[in-house]
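So the structure is just underneath, and the comments pick up after that.
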Amino acid sequence: MAAGEAAAVAIEPATGDSALALRIEQRLRERAAMADETTALFYLARAYSPVWTEPARAEALLAAVEALPGHGLDPADFAPLRLRAALPAESDPDRAAERELLLTDTLAALLFQLRHGKVDPHALYREWNFTPPPNPYERAGELARVLQAPDLAAAVEAQAPDLALYRALRAELLAQQGRLAGG
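Per my numbering, the very first residue in the sequence shown carries number 810; after that it's consecutive.
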């Protein structure tokens, strides 16, 4: 997917807060050398406009993180306490930009792990021959599509593999978790 294609699926930029958009752009430039490009490409496609303007969206992200044990993933990988602290909107543009990027980075990482797993299969077995994960442009487009959905929790859940084997493994995992919780 080309850069222009990622922009085609981006959420329409919010109107108004150009100071926050500028701070988001500055933060992304400061961390460019050490960050995954997904978040930067996502914001570039939307002119750095904030996306986490509705409190319910941030709350849905936290709920999705807290539901990850049902997929065999560890919510601690996504700093749920830090996310919970970031739920209230910030009026200071610097803190608002940090909040914005924290939430977006978290969702991008969550989507990647949910869809492709936490472990790099090539690190375990050099001859791994499954399809490589999508590139940052594709992931930015996926991020935009998930954030466009009217129900973020459902959109995140829909990113889990839609395979009979995955559903069977997940059902067994949930059964085991239920037995452990029940004593």
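By construction, the Cβ of each residue, glycine as well, lies at the ideal position given by its N, Cα and C atoms.
Quantities reported herein were computed from a predicted structural model and do not represent experimental measurements.
DSSP, read as helix, strand or coil, puts residue 874 in helix. Separation of the CB atoms of residue 848 and residue 917 is rounded to 6 Å, and the pair is thereby assigned contact status at 8 Å.
Distance from the CA of residue 915 to the CA of residue 845, rounded to the nearest whole angstrom, comes to 12 Å.
Taking the CA atoms as reference points, residue 977 sits about 30 Å from residue 867.
The Cβ atoms of residue 874 and residue 892 lie closer than 9 Å to each other. Here residue 955 carries a helix assignment [DSSP, helix/strand/coil].
Distances from the alpha-carbon of residue 828 to those of 899, 971, 947, 912 put 899 closest. Taking the CA atoms as reference points, residue 961 sits about 11 Å from residue 861. Just so you know, the alpha carbons of residue 985 and residue 953 end up roughly 34 Å apart.
The C-beta distance from residue 964 to residue 854 rounds to 18 Å, too long to fall under 8 Å, and the pair is not in contact.
In the structure shown, residue 968 adopts coil according to DSSP, grouped into three states.
For residue 909, the enclosing alpha helix (DSSP H) stretches over residues 902-925. In this structure, the CA atom of residue 904 is about 18 Å from the CA atom of residue 889. Setting aside the 5 residues that flank it on each side, residue 969 is surrounded in the same chain by 880, 923, 924, 975, 979, each with a C-beta closer than 8 Å to its C-beta; the list follows chain order.
For residue 881, the secondary structure class from DSSP, reduced to helix, strand or coil, is coil. For the pair residue 951 and residue 959, the CB atoms are not nearer than the 9 Å cut-off.
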